[in-house]
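Position one of the sequence shown corresponds to residue 37 (my numbering), numbered consecutively onward.
The C-beta atom is built at its ideal place from N, Cα and C for all residues, glycine as well.
Predicted model, so just to flag it, every value in this text is computed and none were measured.
Scroll down for the structure; my scribbles are underneath it.
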Amino acid sequence: MGWGNPPHEGFAGARRPDGTLSPETDPEADALVSACECGWEGGSYPPTEEGRQACFEDWLETHFGPIVSPDPSRMLIRGHDGAGRRYYLAGRPVHAGTRLELLLSRGRWLPIRFHLDHEFNPRGAVSLGGPWEGIRMRCETTFALPEGASLRWPDEKRAKAS
Numbered sequence: 037m038g039w040g041n042p043p044h045e046g047f048a049g050a051r052r053p054d055g056t057l058s059p060e061t062d063p064e065a066d067a068l069v070s071a072c073e074c075g076w077e078g079g080s081y082p083p084t085e086e087g088r089q090a091c092f093e094d095w096l097e098t099h100f101g102p103i104v105s106p107d108p109s110r111m112l113i114r115g116h117d118g119a120g121r122r123y124y125l126a127g128r129p130v131h132a133g134t135r136l137e138l139l140l141s142r143g144r145w146l147p148i149r150f151h152l153d154h155e156f157n158p159r160g161a162v163s164l165g166g167p168w169e170g171i172r173m174r175c176e177t178t179f180a181l182p183e184g185a186s187l188r189w190p191d192e193k194r195a196k197a198s
């Protein structure tokens, strides 16, 4: 029982004594290896249910996910309009200070504010909690948004729920 679709169906393979992988459970195996029928092999994990889950996560995040991701409607696209250079997300212009959400591992979304550095590179800002909150100060950290990062508009999750 694998994950995904051919030619990239992943599985937790049992390493045989001769070094080959078996997609079936092998009671003599001392490790499970995340693998794909295309020949890709990932990490090695204990032969437990937790190890099988780790194989799935490794296959999904390291191999399969990058093949099917990122969704172009979730990527920042650099463009121009009458006012000059601009970034777009899902066809809408993104202005400095715009609130967006950044996809993190395991499907979690982080609210961020969009910024540009002095070279027009996209950055995200996250407000940090602390004692300054009580005196109406903001403390935030900024970070580069990597090419291919998955983003969405905050109202997108509400639209899908209705």
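**Asked** aspartate 62 by DSSP, collapsed to three states: which one?
**Response** Of the three classes helix, strand and coil, the one that applies to aspartate 62 here is coil, per DSSP.
**Request:** Inspect the CB distances between the stretch 72-89 and the stretch 147-161 and report whether three or more fall short of 8 Å.
**Result:** They do not touch, by the three-pair rule.
**Asked** Which value, in whole angstroms, describes the spacing of the CA atoms of aspartate 66 and arginine 51?
**Response** Rounded to whole angstroms, aspartate 66 to arginine 51 spans 7 Å at the Cα level.
**Item:** Three-state secondary structure assigned by DSSP to alanine 197
**Value:** Annotation note: pLDDT 48 at alanine 197 (below 50); position unreliable, no value reported.
**Message:** Taking a contact to mean a Cβ-Cβ separation below 8 Å, would you say alanine 48 touches serine 70 in this structure?
**Reply:** Yes, these two residues count as a Cβ contact at 8 Å.
**Asked** Are phenylalanine 150 and glycine 165 touching if we call contact CB-CB under 8 Å?
**Response** No, Cβ-Cβ distance for phenylalanine 150 and glycine 165 is not below 8 Å.
**Asked** Expressed to the nearest angstrom, what Euclidean distance is found between the alpha-carbon atoms of serine 186 and proline 147?
**Response** Taking the straight line joining both Cα atoms gives about 12 Å.
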